[in-house]
Amino acid sequence: MAWTWFHRLASPPHVYALAARLTPWFAWPAALCIAAGLWGGLVLAPPDYQQGDGFRILYVHAPSAWMSLMVYMTMAIAAAIGLIWRMKVAHAVAASCAPIGASFTFAALVTGALWGEPMWGTYWEWDPRLTSELVLLFLYLGYMGLRAGIEDPQRADRASAVLAIVGVVNVPIIHYSVTWWNSLHQAPSVMRLAKPAMPFVMVAPLLLMLLGFTLLFVALLLTRLRSEVLARERSASWIREVVSA
Amino acid sequence: MEEATDTVPTERLEVENLHLWRGERHVLRGVHFALARGACLEVCGANGSGKTTLLRTLCGLIYPEEGRVLWNGENVRRDLPAFHATLAYLGHEPPLKSDLTARENLHYWIGIRRQLSAEELTAALARVGALPFCERQVRTLSAGQRRRVALAGIALLAVPLWLLDEPATNLDAEGRDLVADLICEQLARGGMVVAAVHQGLPPSVGNVTRLELAA
Amino acid sequence: MSGLESPAARTLAPVATPLVRGASRARTARSADAIEAARLALLRDLQLAFRKRSQLIQPLAFFAMVTLLFPLAVSPELSRLRELAPGVLWVGALLASLLALEFLFRDDACDGTLEQYALSGQPLTALMFAKTLAHWLLTGLPLALMAPLVALSLGVGPAALPGIVAAIAVGSVTLSLIGSIGASLTLGIKRSGALLSLLTLPLSLPVLIFGARATQLAIHGAPYGAPLELLGALAMLGITLAPLAAAAAVRISLE
């Protein structure tokens, strides 16, 4: 029984229809969560006793950074499934994840820079988390560059899958080495908040934003997935039926 | 004779319903054949009909969307390295490093696969008429000379299955006869040959079946 | 299409020509084992490199050139250069080893010998390891041996030199291994230099960080064992995993 479900997930027309049906179920809750989170974070939460109002960018920065890593993991897992079981749809999922993940990474970097400016007067600090995010951005760009560089689509899928898996193994190593490097040079860290434990009124909007960003990612993924599937299957007969309907 | 008891009598290559797409092109459409010991399969077709693709799929380099390749009744995917040890593949380009001599090339190419004595090497080079130029770097050899060296390598590998992609390219009439002779010797030993050819094998090769690939 | 066995083939005993006296023995076992195959692959690459000796000098010349840029661009004061030395040495070594990656697989992929490796019946992982080892012996190790000259020109004291050689020697092993993954993934892509750098550099950052730290400690006369051990651990990890990834990438490029 479970295998038929798995096999249906491997069929492009089925996935295309499923993605269309599921997207609103993720898009609307995402909008709600993000709206509620922003309201809570920007308006309701009290200012941090050390950083004042400047800390509020955390509500966009932290979920972005978290998602950038989650999306890379998702991409690597989808790529591995595509590589091992030779599922075209898994490769399409991995291909769809990459630009979304790169955007989250970019957002994390920009919000990190914006956070640093009022606190330390500079837009960039070699903070270990920001530096790791920058390296992650290069990993995404490398993945997308490899895909674009190989002409044969099947080969592009499989080669970038190997790259994604190699990257996933390296991400913890890179993060550890960058943190180690940073600790040696005692550069100031923007990302730590003054209090060891945040009160609920500060934490709740953060969790809402996190949830909202996750739902947003899934909604965006499903939308991109549909375009990917369309592009890959453009010569298949079921496309004509879908387009004419 | 000792050779008869050593050889495996059931060697058989079977291909079942092979379908392969390259991007959006349906290159191999239901290729189906069986090859027994001492038989030769001639794969014919126009340019772009998939001859090279078929040979590479038989090697296991390309994974077909549908169908299977069986060696002695077993799917070759189950143990690809063991299958590779029983075959020799010669593609369009002779696999020779241009900065090494012919002799050195064969020493490495064959040596990686099996132990090779200097006498065997010399005998093989003599067989294909490559002794006069075997100590020159391959970059100084003509295309025909390189192909002769490559053919010596294929024979030296001493394996039951030969997969040859246009083996007589760049060869003169004498060279084409050499190819035919080598194939006949391989078939007589109880080996099998799958050859992709443009214009067909010379008639001196017996026991040949044709497979036509449509473009 | 079946029933191709002619009566002649069945009754005719295999003809014993000088060519195939060893054949039936070869058929019953893969005569050359994986270690012998890897040894031959290593020797072949080394022999090829020595036929084209001029190409061996290029990464070393590049290393010297790049390090020469810094005194010209920054300041000739040895005390300032000494501070920059770890960074200069390591960035130079990293870029030089990137440059040398071209030689790793390109020729083999073009002339069909890589394909024969994949079809040899020997573990492709072992052959990839042999090729990467040859690459390190021809680039990484010479870079490590040349580093003292460069370091001295940057004002580094002679006491630091053994540490510098050790760090670059061990670190360049990992750089060659990571490079082999990038080079095998970009096989067949034209003008892939920039893409290869984009793929390889982020993965090489840990080597850069630990290596530069070890070099810095060596220059200041402090014990550099800890980062050197981390470099060694990275190399071990690389030796275990990188040839696997490179072999997978090579198979994908042959499809």
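Chains as they are written, first to last, in my numbering: chain A, 227 to 471; chain B, 2 to 216; chain C, 109 to 363. Glycine is no exception: its CB is placed at the ideal position from the N, C-alpha and C atoms.
Residues of chain A with CB under 7 Å from residue i, in chain order?
i              : result
F237 (chain C) : Going along chain A, no residue has its Cβ under 7 Å from F237 (chain C), so there is no contact; the nearest lies around 16 Å.
E25 (chain B)  : S461
What residues of chain B sit near residue i, judged by a beta carbon separation below 9 Å?
i              : result
Q166 (chain C) : Result: empty, since nearest Cβ-Cβ is about 16 Å, beyond 9 Å.
A145 (chain C) : G112, I113 and R114
Take residue i and list the residues in its own chain whose beta-carbon comes closer than 7 Å to its own, dropping the five residues that flank it on each side.
i              : result
M313 (chain A) : A236 and I307
N18 (chain B)  : G31, H33, E67 and G68
F330 (chain A) : S290, M293, S294 and V297
V206 (chain B) : C41, A181, I184 and C185
A246 (chain A) : R452
D215 (chain C) : none
P255 (chain A) : L441
For residue i, which residues of its own chain have a beta-carbon under 6 Å away from its beta-carbon, when the five flanking residues on both sides are left out?
i              : result
L436 (chain A) : P289
T282 (chain C) : V315, L342, A343 and G346
Among the options, which has the Cα closest to the Cα of residue i?
i              : options                           : result
S50 (chain B)  : B:H27, B:A89 and B:I113           : B:H27
G472 (chain A) : C:A291, C:I286, C:S261 and C:L307 : In the structure as shown, chain A starts at 227 and stops at 471, and residue 472 (chain A) therefore has no counterpart that could be examined.
L36 (chain B)  : B:R78, B:L29, B:A119 and B:N208   : B:N208
A343 (chain C) : C:L189, C:F237, C:L209 and C:L293 : C:F237
I360 (chain C) : A:I399, A:A324 and A:S386         : A:S386
G154 (chain B) : B:R13, B:M193, B:L14 and B:H108   : B:H108
L156 (chain C) : B:D100, B:H93 and B:A174          : B:D100
V173 (chain B) : B:Q146, B:A151 and B:L164         : The sequence given here has Asp at residue 173 (chain B), not Val. Checked all of B:Q146, B:A151 and B:L164; the closest Cα to D173 (chain B) is B:Q146.
N76 (chain B)  : B:R13, B:L142, B:L214 and B:G39   : B:R13
H114 (chain B) : C:L293, C:G329, C:R147 and C:P314 : Contrary to the premise, residue 114 (chain B) reads as Arg rather than His in this sequence. The option with the nearest alpha carbon to R114 (chain B) is C:R147.
Q187 (chain B) : B:E94, B:R104, B:L165 and B:W72   : B:L165
L410 (chain A) : C:A357, C:F318 and C:A259         : C:F318
L97 (chain B)  : C:P167, C:V196, C:Q224 and C:L206 : C:Q224
A374 (chain A) : A:H240, A:R460, A:L284 and A:A321 : A:A321
If contacts are defined as beta-carbon pairs under 8 Å, then residue i and residue j qualify, I think. What distance do you get, rounded to the angstrom?
i              : j              : result
P194 (chain C) : I327 (chain C) : 7 Å
T102 (chain B) : V139 (chain B) : 7 Å
I286 (chain C) : L311 (chain C) : 5 Å
I326 (chain A) : L447 (chain A) : 6 Å
S292 (chain C) : A330 (chain C) : Going by Cβ atoms, the distance from S292 (chain C) to A330 (chain C) rounds to 39 Å, so no, they are not a contact pair.
V286 (chain A) : P354 (chain A) : Contact flag wrong, Cβ pair sits at about 20 Å.
A204 (chain C) : L154 (chain C) : A204 (chain C) to L154 (chain C), Cβ: 19 Å. No contact.
G280 (chain A) : L434 (chain A) : Between L434 (chain A) and G280 (chain A) the Cβ distance is about 20 Å, and since that is not below 8 Å, they are no contact.
For a test of the three-state rule: what should DSSP assign to residue i, helix, strand or coil?
i              : result
Q138 (chain B) : strand
L221 (chain A) : Chain A is shown from 227 up to 471; residue 221 (chain A) falls before or after that span and cannot be answered.
N208 (chain B) : coil
M193 (chain B) : strand
W352 (chain A) : coil
E223 (chain C) : helix
L42 (chain B)  : strand
V160 (chain B) : coil
G130 (chain B) : coil
L71 (chain B)  : strand
R460 (chain A) : coil
R26 (chain B)  : strand
T102 (chain B) : strand
Y332 (chain C) : coil
G31 (chain B)  : strand
G375 (chain A) : helix
Near residue i, which residues of its chain fall below 8 Å by C-beta distance, leaving aside the five closest residues on each side in sequence?
i              : result
A271 (chain A) : R282, V427, M428 and P431
M299 (chain A) : V394
I63 (chain B)  : L21, T54 and R57
L122 (chain B) : R104, L107, H108, I111 and L157
V199 (chain C) : V174 and L316
I201 (chain A) : What is shown of chain A runs 227 to 471, which leaves residue 201 (chain A) out entirely.
P65 (chain B)  : L19, H20, L21, L29 and T58
Quick one: list the residues of chain C neighbouring residue i, beta-carbon separation under 8 Å, in chain order.
i              : result
V482 (chain A) : This structure cannot settle anything about residue 482 (chain A), because the visible part of chain A is limited to 227 through 471.
W110 (chain B) : T221 and Q224
Below 8 Å on C-beta distance, what does residue i contact in chain B?
i              : result
E223 (chain C) : L62, Y90, G92 and P96
Q230 (chain C) : P82, I113 and R114
List, in chain order, every chain C residue whose beta-carbon is nearer than 7 Å to that of residue i.
i              : result
V361 (chain A) : P310 and L313
H85 (chain B)  : L227, S228 and G229
D100 (chain B) : L156, R159 and K160
L446 (chain A) : Correct list: empty, because the minimum Cβ distance to chain C is about 24 Å.
What residues from chain A crowd round residue i, counting only those whose CB sits closer than 8 Å?
i              : result
I317 (chain C) : S403, V404, W406 and W407
I360 (chain C) : R381, R384, A385 and V388
Closer than 7 Å: is that where the CB of residue i sits relative to any heavy atom of the ligand FAD?
i              : result
N408 (chain A) : Looking at this structure, you won't find the ligand FAD or any other ligand, since it has none at all.
Starting from residue i, find everything on chain A with Cβ-Cβ shorter than 9 Å and list it in chain order.
i              : result
E363 (chain C) : D378, Q380, R381 and R384
Could you list which residues in chain E have their beta carbon closer than 7 Å to that of residue i, in chain order?
i              : result
A149 (chain C) : Any reference to chain E falls outside this structure, whose protein chains are A, B and C.
I want to verify the contact list: residues of chain B whose CB lies under 7 Å from the CB of residue i, in sequence order.
i              : result
R152 (chain C) : Y109
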